[in-house]
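*Asks:*
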Amino acid sequence: MKKSKSILSLLLAVILIVGLGFTVITGIGKSKSGAMKNIKLGLDLAGGVSITYQVKDKNPTKEEMSDTIYKLQKRVEQYSTEASVYQEGNDRINIEIPGVTDANKILDELGKPGSLSFQTADGETVLTGTDVKSASAKTGQDDMGNKEYSVELNLTKSGTSKFATATKENIGKQIAIIYDGETISSPVVRSEITGGQAYITGDFTYEEADNLASTIRIGGLKLQLEELRSNVVGAQLGEQALNTSLKAGIIGLILVFLFMIFVYRLPGLASSLALVIYTEIVLVILNAFDVTLTLPGIAGIILSIGMAVDANVIIFARVREEMARGRSVKVSLKSGFQKAMSAIVDGNVTTLIAAAVLWFKGSGTVKGFAQTLAIGIVVSMFTALVITRMIVFAFYGIGIRKESLYYHKMKERKPINFLGKKKVFFSISIAMILAGFVVMGVHSAQGNGALAYSLDFKGGTSMNVKFDKDYSIDEIDKEIVPVVEKVTGDYNIQTQKVSGTKQVVIKTVTLSLSEREKVNKALEDNFGVKESDITAENISSTISNEMRQDAVIAVIVATIFMLLYIWFRFKDVRFATSAVLALLHDVLVVLAFYAVSRISVGGTFIACMLTIVGYSINATIVIFDRIREELPLMKRNTDLSELVNKCITQTLTRSIYTSLTTFIMVAVLFIMGVSSIREFAAPLMVGIVCGGYSSVCVTGALWYVMKTKVGKKAQPKKKKK
């Protein structure tokens, strides 16, 4: 690369950092597109209310569903312009209203069907809301040619017949339009209306006509709805979760920068600059494409930062190897990027598979995690393979070519006999997995459940309450629990103290809205707790059963797709099979951790497991990529076990560093995050460590056993002389 071109490349990098940074801070244009402050926040960050309804009517039509969704959308828009209503499956409707202060009141109002009726002066109901096909504000002219606003009504076939009879009998009289017991209009009948179309006129402004039309339009829902799940998040708790997670991300990023620069010197500096660009691009994308950011979504971004560093570690480890063989800096850089390409692409594609399965099988915040993780992975590949490369070669091109800035000589490590200890490693793995099953069996026998299932998996009501005092476990049992028991009548209440905070999680049987409000009132009267400091969630047993099934299906589907991809890429089913067995190992070990630690198994459990599956396969591919590269070069008299040990040893430092950088990001998230993030980060840390262990100590050994014992091309052991 010529010096002038190198200077332009560095200048481009600076422009990207400054330009994207400016966009993130201030945005572009009148709409402030790309600004971080304009990123749409989910309910767990902005506070608000969400509810899932099940349609009680059998086999609702598409028209009935879309009409009901439309009417609910109009109803929730009075609470927030950011509110959304959307269909889930064939017979469910989700409502999300972020940023509202009186969430319980809204939940109560949404639970009412919203009755609409047309009544004569003597109280006879002549029409109901289901008889109205549509209602809209219209602009016309009166007899004097002045602008006049009215409401146009279009009735159904049944409504047309009924209204014709009513108007014929009530000419010159009023027919009141009543919504939820309140008269919203009392027009006078001028003549018989037989065509199914009527106009309400009066001294309206356009806004008044439009509001009246809207109320008539949303007044009657054709379908009966049953609440399946609801969630109320206090705004203060959401703000706290956002602030602590952002701080965790910044601190984790700084620690990773320092690590990369210390270990890899000038290339480490280049990767740090590329990571700044990576972070800015992700933030701009979140706003520009109207992605809703949730708490697990932030975790997905932070995790993908760690994985972006992994790509750079893989590249720079290759560069070091090339320089250790005596090649020049320039040749080593080119060769390093080229040889790292396959491992980076394969590793990230397998993680994308996990993200895709999460997107299709997850819901709510889990989808948010999948979305940000997928965005992060794609952007990380771009920054590692394009931006980092551009900056590193630019440094070299402007004359920074001192070998010690790119590489410091290390003593070559002799091959470690990992395969010789395979029985020990297999025994350790089996012992950990069996210990998990034993603990699950003990808990199950005691009636506590094999795992600590949250509401997502068993149904009920959960309240996260922030107190002014840091209560001990004994104080919670003696002071708080009796108050809740008295109000709810539930004497099997479960409580959990959130470590490092003044928060307490209270779990009960499913409570109605009025019962939850009584609990809120009792907590306020006895402990001075504000309603904004209480997060409540309701989940029915129907939803919880489905979520358990989805968790199992998601892991199985992701594993199958990964197996097929690795088989396709490595042209050998034994690579794929041993990788999948290692994944099963990691999943079972993490499941054992859930059993021993009694960490809540909820909605993010699926995200955690699939992330571990994706990450673990990433670490495995680094080693398999080296074995794939070395196999064609293996001499005939070389023992296959020696080659495998050599490949694992050569990639050992890389495996440790890739696990360490991701572990740093997740560990900071665990230390600084709120309780829900900690419950996600803790098993993820175990999964990262376990994934590193299995890729080094288990996967290569499994592949070796299959290679030498399975198939026609089995490689016999070399006989000792």
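1 is the number of the first residue of the sequence shown in full-length UniProt numbering; add one for each residue after it.
Just so it is clear, CB atoms sit at the ideal spot from N, CA and C, and this is done for glycine as well.
Remember, it's a predicted structure, so these values are computed and weren't measured experimentally.
#1: May I have the straight-line CA-CA distance separating methionine 672 from threonine 638, to the nearest angstrom?
#2: What are the uninterrupted segments assigned as beta strand (DSSP E) that are 3 or more residues long and contained completely in the segment 468-541, given in chain order?
#3: Which whole runs of the beta strand (DSSP E) in the segment 189-261 are 3 residues long or more, in chain order?
#4: Please return the same chain residues whose Cβ sits closer than 7 angstroms to the Cβ of asparagine 170, not counting the five positions on each side in sequence.
#5: Starting from glycine 442, trace the alpha helix (DSSP H) in both directions and tell me its first and last residue.
#6: Determine the direct distance from the alpha carbon of threonine 649 to that of isoleucine 493, and round the result to whole angstroms.
#7: Would you report the Cα separation of isoleucine 566 and asparagine 94, rounded to the nearest angstrom?
#8: List the residues that DSSP assigns as beta-bridge partners of residue 722.
#9: How would you write the range of the beta strand (DSSP E) that glutamine 73 sits in, first residue to last?
#10: Kindly indicate which residue of Phe425, Asp533, Ala558, Ile377 has the alpha-carbon position closest to the one of glycine 700.
#11: Just the Cα atoms here: how many angstroms apart are isoleucine 506 and valine 666?
#12: Could you check the C-alpha separation between glycine 420 and histidine 585 for me, to the nearest Å?
#13: Our contact map puts threonine 658 next to alanine 619 with C-beta atoms below 8 angstroms; I'd like the distance itself, whole angstroms only.
#14: What's the call for isoleucine 254, buried or exposed, on a 16-neighbour Cβ count within 10 Å?
#15: Got a sec? Which residues, its chain only, sit under 7 angstroms from threonine 244 by beta carbon, not counting five neighbours each side?
#16: Exposed or buried, which one is glutamine 549 when buried takes at least 16 other CB atoms within 10 Å?
#17: Just confirm the distance between the C-beta atoms of glutamate 124 and alanine 164, as a whole number of angstroms; I'd bet it's less than 8 angstroms.
#18: Comparing alpha-carbon positions, which option in Phe418, Gly447, Ser462, Glu537 lies nearest isoleucine 623?
#19: Using three-state DSSP, classify valine 596 as helix, strand or coil.
#20: Check whether the segment 60-72 and the segment 319-334 touch, using three or more Cβ-Cβ pairs below 8 angstroms as the test.
#21: In the DSSP output, which residue or residues are listed as bridge partners for glutamate 88?
#22: Go through its chain and collect everything with a Cβ distance to alanine 522's Cβ below 6 angstroms, but skip five positions before and after it.
#23: What span of residues does the beta strand (DSSP E) with leucine 127 cover, start to end?
#24: Grab me the residues of glutamine 715's own chain with a C-beta within less than 7 angstroms of its C-beta, minus the 5 sequence neighbours each way, in chain order.
#25: Quick check on isoleucine 7: buried or exposed, where buried means 16 or more other Cβ atoms within 10 Å of its Cβ?
#26: Which same chain residues, not among the five before or five after lysine 5, have their C-beta less than 6 angstroms away from its C-beta?
#27: So, for alanine 176: in the same chain, excluding its five sequence neighbours on each side, which residues have a beta-carbon less than 6 angstroms away from its beta-carbon?
#28: Would the segment 127-136 and the segment 150-165 be scored as touching if the rule is three or more Cβ pairs under 8 angstroms?
#29: By how many angstroms is the C-alpha of lysine 502 removed from the C-alpha of valine 331?
#30: In the DSSP assignment, find the unbroken beta strand (DSSP E) run with asparagine 645 in it and report its ends.
#31: Counting pairs of beta carbons, one from the segment 369-387 and one from the segment 292-309, are three or more of them closer than 8 angstroms?
#32: Which stretch, first to last residue, makes up the beta strand (DSSP E) that contains glycine 692?
#33: From the DSSP output, read off the bridge partner residues of leucine 8.
#34: For valine 291, does the three-state DSSP call read helix, strand or coil?
#35: Determine the DSSP secondary structure at leucine 451, reduced to helix, strand or coil.
#36: Quick check on the burial criterion: 16 or more other C-beta atoms within 10 angstroms. Buried or exposed for glutamate 207?
*Replies:* Taking the structure as given:
#1: Position 672 of the sequence shown holds residue 672. Position 638 of the sequence shown holds residue 638. Cα-Cα distance, rounded: 51 angstroms.
#2: Runs of the beta strand (DSSP E) inside the segment 468-541: 494-497, 503-508, 534-539.
#3: You should have 197-201, 225-233.
#4: Here the question's residue 170 lines up with position 170 in the sequence shown. Setting aside the 5 residues that flank it on each side, asparagine 170 is surrounded in the same chain by Thr120, Val189, each with a C-beta closer than 7 angstroms to its C-beta; the list follows chain order.
#5: In the sequence shown, counting from the first residue as 1, residue 442 sits at position 442. Contrary to the premise, residue 442 reads as valine rather than glycine in this sequence. Counting along the chain, the alpha helix (DSSP H) containing valine 442 begins and ends at 422-445.
#6: Counted from its first residue, the sequence shown places residue 493 at position 493. Counted from its first residue, the sequence shown places residue 649 at position 649. A direct Cα-to-Cα measurement between isoleucine 493 and threonine 649 gives close to 52 angstroms.
#7: Here residue 566 refers to the residue found at position 566 when the sequence shown is read from its first residue. Here residue 94 refers to the residue found at position 94 when the sequence shown is read from its first residue. Computed Cα separation, rounded: 37 angstroms.
#8: Coverage of the chain is limited to positions 1 through 721, which leaves residue 722 absent and any answer about it impossible.
#9: Along the sequence shown, read from residue 1 onward, the residue named residue 73 stands at position 73. Per DSSP, glutamine 73 is not a residue of any beta strand (DSSP E); the alpha helix (DSSP H) it occupies stretches across 62-76.
#10: In the sequence shown, the residue the question calls residue 700 occupies position 700. Per the Cα distances, Phe425.
#11: Locating residue 506 in the sequence shown gives position 506, counting from the first residue. Locating residue 666 in the sequence shown gives position 666, counting from the first residue. Each residue's alpha carbon lies about 27 angstroms from the other.
#12: Numbered from 1 along the sequence shown, position 420 holds the residue referred to as residue 420. Numbered from 1 along the sequence shown, position 585 holds the residue referred to as residue 585. Histidine 585 has its alpha-carbon roughly 20 angstroms from the corresponding atom of glycine 420.
#13: Residue 658 sits at position 658 when you count from the first residue of the sequence shown. Residue 619 sits at position 619 when you count from the first residue of the sequence shown. Taking the Cβ atoms as the reference, threonine 658 lies roughly 6 angstroms from alanine 619, within the contact range of under 8 angstroms.
#14: For the purposes of this step, residue 254 is taken as the residue at position 254 of the sequence shown. Under this definition isoleucine 254 is an exposed residue.
#15: Translated into the one-based positions of the sequence shown, residue 244 becomes position 244. Listed in chain order, the non-local C-beta contacts of threonine 244 below 7 angstroms within the same chain comprise Met672, Gly673, Val674, local neighbours out to five positions each way being set aside.
#16: To locate residue 549, count along the sequence shown from 1; it is residue 549. Under this definition glutamine 549 is an exposed residue.
#17: Your numbering for residue 124 matches position 124 in the sequence shown. Your numbering for residue 164 matches position 164 in the sequence shown. Cβ-Cβ separation between glutamate 124 and alanine 164: approximately 15 angstroms, too far for a contact (criterion under 8 angstroms).
#18: As a working mapping, residue 623 is identified with position 623 in the sequence shown. Nearest of Phe418, Gly447, Ser462, Glu537 to isoleucine 623, Cα basis: Phe418.
#19: The residue you call residue 596 lines up with position 596 of the sequence shown. It is helical.
#20: No contact exists between the segment 60-72 and the segment 319-334.
#21: Residue numbering aside, residue 88 sits at position 88 when the sequence shown is read from its first letter. According to DSSP, which records beta bridges pairwise, glutamate 88 is partnered with Arg92.
#22: Start at 1 with the first residue of the sequence shown, and residue 522 comes out as number 522. If we look at alanine 522 and ignore the five residues flanking it on each side, its Cβ neighbours are Val483, Val487.
#23: On the sequence shown, residue 127 is found 127 positions in, with the first residue counted as 1. Looking at the DSSP string, the run of the beta strand (DSSP E) that includes leucine 127 is 125-128.
#24: As a working mapping, residue 715 is identified with position 715 in the sequence shown. Only weak support is given to the placement of glutamine 715: the predicted model assigns it a pLDDT of 47, under 50, and the value that follows is read from those uncertain coordinates. Within the same chain, glutamine 715 has close Cβ partners Leu640, Lys707, Thr708.
#25: Residue numbering aside, residue 7 sits at position 7 when the sequence shown is read from its first letter. By the 10 Å Cβ count, isoleucine 7 comes out exposed.
#26: Stepping through the sequence shown from its first residue, residue 5 is reached at position 5. Taking lysine 5 as the centre and dropping the five residues before and after it, the same chain places no C-beta closer than 6 angstroms to its C-beta.
#27: Taking the sequence shown and counting its residues from 1, one reaches residue 176 at position 176. Contacts found: Gln119, Thr183, Ser186.
#28: Judged by pairs of C-beta atoms under 8 angstroms, the segment 127-136 touches the segment 150-165, as three or more such pairs exist.
#29: Locating residue 331 in the sequence shown gives position 331, counting from the first residue. Locating residue 502 in the sequence shown gives position 502, counting from the first residue. Here the alpha carbon of valine 331 sits roughly 57 angstroms from the alpha carbon of lysine 502.
#30: To locate residue 645, count along the sequence shown from 1; it is residue 645. Run containing asparagine 645: none in the beta strand (DSSP E); it sits in the alpha helix (DSSP H), 640-650.
#31: Contact between the segment 369-387 and the segment 292-309 is present, with at least three C-beta pairs closer than 8 angstroms.
#32: One-based indexing of the sequence shown puts residue 692 at position 692. In this chain, glycine 692 is not harboured by any beta strand (DSSP E); it is covered by the alpha helix (DSSP H) spanning 675-693.
#33: Here residue 8 corresponds to residue number 8 of the sequence shown, with the count starting at 1. Leucine 8 is not bridged to any residue.
#34: As a first step, residue 291 must be located in the sequence shown, where it is residue number 291. Looking at valine 291 - three-state DSSP - the assignment turns out to be coil, as it is neither helix nor strand.
#35: In the sequence shown, counting from the first residue as 1, residue 451 sits at position 451. Leucine 451 falls in the coil class under three-state DSSP.
#36: For the purposes of this step, residue 207 is taken as residue 207 along the sequence shown, with counting starting at 1. That one is exposed.
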